[in-house]
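Novice: Numbering (the numbering used here), first residue to last: 3 to 127.
#1: For residue 46 and residue 24, what's the separation of their Cα atoms in angstroms?
#2: Residue 119 to residue 105, Cα distance in whole Å?
#3: Helix, strand or coil for residue 46 per DSSP?
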C-alpha cells in the first residue's frame, strides 16, 4: 500500500469515526429530547391537575360566598323589617303620647276654667 493509499485510508477511517460519533450524538440527543418531552408532558399534566384543583376551590369558595351573602341578605331584610316595626311602634307611641298630652292639657284647661268659674269639673276626659 502506498503512502497515498494509507493517507486515504486514514482519512476514510477518520470520516467513519466522525460519522459514528455524529450518529451516537444524534441518538443521545433524540433520547434526551424524548425524555424532555415526557417530562414536559408530565409537568403539564400536573399543572393542569393543579389548575383544575384551584378552579374547584374557587367554585366552592364562590358558592360559599354566595350562600353567606344570601344569609346576610336575609339577615339584613329581617333587620330592616324589625326596624320598620320598631319605627311604627315608636310612631304609634309618639301619637299615643301626643294624645295623652292633649287629654291632659284639655283636663288642665277644663280644671282651670272650673277654678275660675268656681267649679271643679276635671272628669271630662
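Note that beta-carbon positions come from the ideal geometry of N, C-alpha and C, so glycine has one too.
In this text, all values refer to a predicted model and were calculated from it rather than measured experimentally.
Specialist: Straight from the coordinates:
#1: Residue numbering aside, residue 46 sits at position 44 when the chain shown is read from its first letter. Residue numbering aside, residue 24 sits at position 22 when the chain shown is read from its first letter. C-alpha separation (whole angstroms): 32 Å.
#2: To locate residue 119, count along the chain shown from 1; it is residue 117. To locate residue 105, count along the chain shown from 1; it is residue 103. Each residue's Cα considered, the two are about 20 Å apart.
#3: Within the chain shown, residue 46 is the residue found at index 44, counting from 1. Reduced to three states, the DSSP call for residue 46 is helix.
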